[in-house]
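Going by numbering that gives the first Met the number 0, the first residue of the sequence shown is number 0, and it counts up by one from there.
Contents: one structure, followed by commentary.
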Amino acid sequence: MAQGQSVARIDDSVWAVGFTKAFVESAGDQNVLFTRTDDGGATWTEPVPFEENADSRHPAGWVEIAYVPKSDLLYAIYFWNETSSPLRDGTDIFYRVSHDRGDTWSDRQKISLDGLSIFEGSDTRNGWFMDRPFVTSNGALIVGVSLMKPSTIKDGPDRWHTEVFFLRFPDAVHTGAGDPIVVQVTPTTGVGLSVPHPDSGLPFANEPSIAEWNGRLICIVRSRTGVINYSESFDDGVTWSALQPLRYYAGGPPLLHPNGPTTIRRFKDDTVGILFNNNPGGTWYLDGVWSEGWEPRFPVYLVAGRVSGTDENAGLYFGTPEIVLSHVGKPGTPTLRRASYPELFIDDDETYLFYSIDKQGIFFKPLSEELIERAKPALRE
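Next comes the structure, spelled out in structure tokens:
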């Protein structure tokens with residue numbers, strides 16, 4: 000398994016990448032690794048594991064790499080099972096810092112998750128997934144995470160209780176070697192973002208994706224509602240609004256999406272792009288397993304939004320979705336596979352789509368400017 004790729008652009012030809020690798024997801028020798036290219040992807044350094052002693056009791060996963068602009072400073076943030084919890088994804092969250100673009104890394108440091116209501120009465124921490132971190136215009140480093148109430152994981156997906164939180168490094172830009180690092184977990188109420196499961200009513204939201212523009216942060220999440228839901232922050236990620244459906248325009252139809260990963264990123268012209276599957280999910284048969292609401296996760300579509308001039312619908316209106324990945328298959332067979340965890344990587348002159356085929360290998364392809372323009376709405380008068 001190789002998935003959860005995190006790509007940070009350092010300069011024109013230097014990219015830093017973190018990813019999760021294992022024979023079996025969340026078990027065995029699962030670990031998080033780091034590699035870098037100094038020549039625009041032609042060659043890569045030998046992947047280096049962050050946890051030398053990763054084993055079935057202490058799997059690491061979901062590493063994210065953050066680069067602080069105009070510096071040599073990188074952050075690596077990831078899950079690691081400190082307590083040997085037998086639960087799948089039983090874990091705490093840690094970070095490491097590099098002051099030399101990833102040549103060397105600090106010891107791991109634990110991020111406190113104390114005081115969160117989702118872990119009340121439990122010694123075990125449980126969660127998965129981090130969004131690609133970014134540094135806000137005010138100098139804070141933000142990364143969204145999914146956390147789960149540990150007592151619900153064995154009850155099956157329809158009884159899971161999951162919430163979205165944010166790790167906030169308020170002064171990441173000015174961190175020097177040896178300086179103390181402050182990490183906040185928001186919302187500071189101790190209760191994360193969620194929407195009720197349509198059948199069980201239990202809180203459910205996970206795998207957040209965040210972008211900043213027009214004086215706000217917007218976060219979109221996966222849920223069991225068949226649509227993309229969003230939240231906004233106007234104070235640099237300290238407080239967040241309640242989740243609500245994201246629509247093509249204020250009062251219009253919602254962006255349909257199954258219970259799968261979705262991504263939002265800002266383009267250089269201040270439009271935003273969203274990767275999604277453009278369907279509400281349903282009963283689906285894949286590899287001998289029936290699922291409800293989690294599929295299909297192909298094709299992958301791109302839709303772009305412009306600032307509308309109002310505060311409704313996150314201040315956005317969207318264009319017509321364009322297919323960016325129509326079919327992925329297992330080599331030598333006609334079997335369809337999911338494009339797991341697609342990600343937009345925006346360089347100076349190119350936009351790339353990164354993805355994993357059913358969590359087996361990491362791939363990328365350029366997206367043409369013509370395709371991106373077709374996904375944008377017409378300018379309003």
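Positions of the beta carbon are idealized from the N, C-alpha and C atoms, including for glycine.
These figures come from a predicted structure and were not determined experimentally.
Kindly indicate which three-state DSSP category F49 falls into: helix, strand or coil? In the three-state reduction of the DSSP assignment, F49 falls in the coil class, being assigned neither a helical nor a strand state.
Name the DSSP beta bridge partners of G60, please? As computed with DSSP, G60 is found in a beta bridge with F78.
Please name the residue in F233, D348, I345 and W212 whose C-alpha comes closest to that of L315. In this structure, W212 is the residue among F233, D348, I345 and W212 with its C-alpha nearest to the C-alpha of L315.
Rank P46, V67 and Y77 by C-alpha distance to the C-alpha of H57 and give the top, closest one. For H57, the nearest C-alpha among the options comes from Y77.
Select from V220, R8, R379 and Q243 the residue whose C-alpha is nearest the C-alpha of G308. Answer by Cα proximity: R379.
Tell me the rounded alpha-carbon separation between I117 and K148. Roughly 5 Å separates the two Cα atoms.
V220 beta carbon less than 8 Å from that of V299: The Cβ-Cβ distance between V299 and V220 does not fall below 8 Å.
Within the segment 87-122, note down every full beta strand (DSSP E) run reaching 3 residues or more, in order along the chain. You should have 91-97 and 108-110.
Bounding residues of the alpha helix (DSSP H) (the contiguous stretch that carries I345): Careful: I345 lies outside any alpha helix (DSSP H), inside the beta strand (DSSP E) at A338 to I345.
Just curious, the alpha helix (DSSP H) that I371 is in, first and last residue? Element bounds for I371: E368 to R373.
Which one of E206, L343, S199 and P179 has the shortest CA to CA distance from G191? The residue among E206, L343, S199 and P179 with its C-alpha nearest the C-alpha of G191 is E206.
Would you decide whether K329 is buried or exposed? Buried here means 16 or more other CB atoms lie within 10 Å of its CB. In this predicted model, K329 has a pLDDT of only 49, less than 50, meaning its place in the structure is not dependable; the value taken from the coordinates is given anyway. Per the 10 Å Cβ criterion, exposed.
Give every residue of the same chain whose Cβ lies closer than 8 Å to the Cβ of D122, excluding the five residues on either side of it in the sequence, and list them in chain order. These residues qualify, in order along the chain: T82.
Check whether chain C comes within 8 Å of R296, counting only Cβ atoms and requiring the distance to be less than that. Absence of chain C from the displayed structure is noted, only one protein chain being present.
Enumerate, from N- to C-terminal direction, the unbroken beta strand (DSSP E) stretches of 3 or more residues contained entirely within the segment 291-315. The DSSP assignment places complete beta strand (DSSP E) segments of no fewer than 3 residues inside the segment 291-315 at 299-306, in order along the chain.
Measuring only the C-alpha atoms, how far is G39 from K267? Spanning the two alpha carbons is a distance of roughly 20 Å.
What's the C-alpha gap between G177 and D11? Computed Cα separation, rounded: 29 Å.
Can you give me the C-alpha to C-alpha distance between S240 and A41, rounded to a whole angstrom? So the alpha carbons of these two residues sit roughly 43 Å apart.
Verify whether the separation of the beta carbon atoms of T36 and W14 is less than 8 Å. Their beta carbons are under 8 Å apart, which means T36 touches W14 by this criterion.
Sequence-distant residues of the same chain with beta carbon closer than 7 Å to K109, five excluded per side: Cβ neighbours of K109 beyond the five flanking positions: D91 and F93.
At 3 residues or longer, and completely inside the segment 163-227: list those beta strand (DSSP E) runs for me, N to C. For the segment 163-227, whole beta strand (DSSP E) runs of length 3 or above, ordered along the chain, are 183-185, 205-212 and 215-221.
Residue range of the beta strand (DSSP E) that N30 falls in? Boundaries of the beta strand (DSSP E) around N30: N30 to T36.
Could you check whether L254 and I227 sit closer than 8 Å to each other, using their CB atoms as the reference points? A contact, by the Cβ cut-off of 8 Å.
Per DSSP, what are the beta-bridge partners of L140 in this structure? In the DSSP output, where bridge partners are listed per residue, L140 has V134 and F168.
Excluding the five sequence neighbours on either side, which residues of its own chain have a C-beta within less than 8 Å of the C-beta of F203, listed in chain order? Here the set comprises W159, H160, T161, S193, V194, P195, H196, S222 and R223.
Tell me which residues share the same chain as L201 and place their Cβ nearer than 8 Å to its Cβ, disregarding the 5 neighbours each side in the sequence. Once the five neighbours on either side are set aside, the close Cβ partners of L201 are T151, R158, W159, H160 and P195.
Taking T135 and G236 to be in contact with their CB atoms under 8 Å, please state how far apart those CB atoms are, rounded to whole angstroms. With 8 Å as the limit, T135 and G236 qualify as a contact, their Cβ atoms being about 7 Å apart.
Where the beta strand (DSSP E) containing L324 begins and where it ends: From DSSP, the beta strand (DSSP E) with L324 extends over E321 to L324.
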